[in-house]
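To convert, count from 1 in the sequence shown and add 4; that's my numbering.
Each residue gets a CB set at the ideal place from its N, CA and C atoms; glycine is no exception.
Okay, so here's the structure we're looking at.
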Amino acid sequence: MRFLFLILAPAVVLLFVASVLVGLPLPAPFPDAGSQDRNLLAAVAVGVLGIAYLVWLTVYAVVSFRQAGQALDPALTSRGLTAQSHLGFGRKYHGRIRDRQVAMSYFPARGLRRALLDMAATASIQGRAAIGERRPLLDCANCPPVPIEGGDMGELQVFSEDPAWIQRFLAEQEHRQEILRLLGDQQGAGFRELYLQPGRIWLRGHPTPQVTASQVTQWLDDLLALAELLERQSGRN
């Protein structure tokens with residue numbers, strides 16, 4: 005909405021400036037008001053102003069997108085992750101937290117494109133599953149749905165190539181609550197889905213503008229806690 009205003013408002017201003025330059029009486033050596041020479045003068049002046057504004061708008065857009073992309077830098081680098089540019093306006097983060105290799109990427113919202121957040125951590129698990137409010141498309145897309153007893157998973161659906169494994173894990177209320185902390189409030193915080201894969205755990209989502217950097221770091225903590233629970237469960241099996 006802000007960029008739409010920045011595009012439309014100057015067009016109205018330039019039209020007003022052109023009208024004033026064409027009709028405003030000016031002393032010599034300026035051409036007479038309403039003359040062809042005055043029209044040419046107005047066209048040149050408006051053109052120069054328009055080009056200058058487009059240059060400013062381009063610089064403003066680039067700086068704004070870069071700042072938006074770096075919004076998570078202070079929170080994540082303070083946790084020991086290294087930040088670097090990624091595909092223009094995006095950011096990548098990597099490092100070790102709690103003896104796990106962590107990799108993250110973030111792209112701020114751009115026009116009609118929603119923000120995109122990926123975070124993954126290594127985990128010594130062998131099963132494969134996906135959890136979200138709809139059938140996942142990026143992994144485990146052909147996995148069958150798994151019914152989960154307990155009634156406290158809300159709108160979340162579970163899919164796994166090993167239903168017995170994920171049912172044993174989600175039989176524990178503590179495990180279900182950890183997943184709900186990670187995937188809950190999708191109306192306010194944005195769509196998110198969780199993938200459990202051999203060797204890693206992966207969260208992917210589209211955070212809303214209301215999501216803060218502290219909330220993202222909380223998701224990271226929840227992801228790491230869930231990895232520990234999964235490994236503990238695997239050790240008991």
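Element boundaries [beta strand (DSSP E), containing residue i]
i    : result
L116 : That residue, L116, is in no beta strand (DSSP E); it is neither H nor E in DSSP.
A133 : 133-136
A175 : Unbroken run through A175: none, as it is neither H nor E.
S39  : Taken as a continuous stretch (DSSP letters only), S39 belongs to no beta strand (DSSP E), as it is neither H nor E.
V162 : 161-164
Supposed close pair residue i, residue j - CB separation, criterion 8 Å
i    : j    : result
A134 : F173 : The pair is not a contact, with the Cβ atoms about 13 Å apart (cut-off 8 Å).
R204 : T126 : 5 Å
G194 : V215 : 6 Å
A217 : A79  : 4 Å
R208 : D122 : 5 Å
P202 : R132 : 6 Å
L76  : G99  : Not a contact, Cβ separation roughly 13 Å.
A124 : W223 : Actually they do not touch by this definition, with Cβ atoms about 12 Å apart.
Strand pairing of residue i, partner residues [DSSP]
i    : result
H210 : F195
V106 : G99, A125
I152 : BP columns for I152 are empty, so no partner.
G94  : H90
Q130 : Partner(s): none; Q130 has no beta bridge.
Q201 : R204
Beta-carbon proximity of residue i to residue j, cut-off 8 Å
i    : j    : result
A107 : R95  : no
E137 : L120 : no
L234 : L200 : yes
L198 : I101 : no
G114 : T221 : The residue you asked about is not Gly; residue 114 is Arg in the sequence shown. The answer is no: Cβ separation not under 8 Å.
P148 : P167 : yes
C144 : E176 : no
Q181 : I152 : no
S238 : S128 : yes
Start-to-end residues for the alpha helix (DSSP H) that takes in residue i
i   : result
T81 : 77-81
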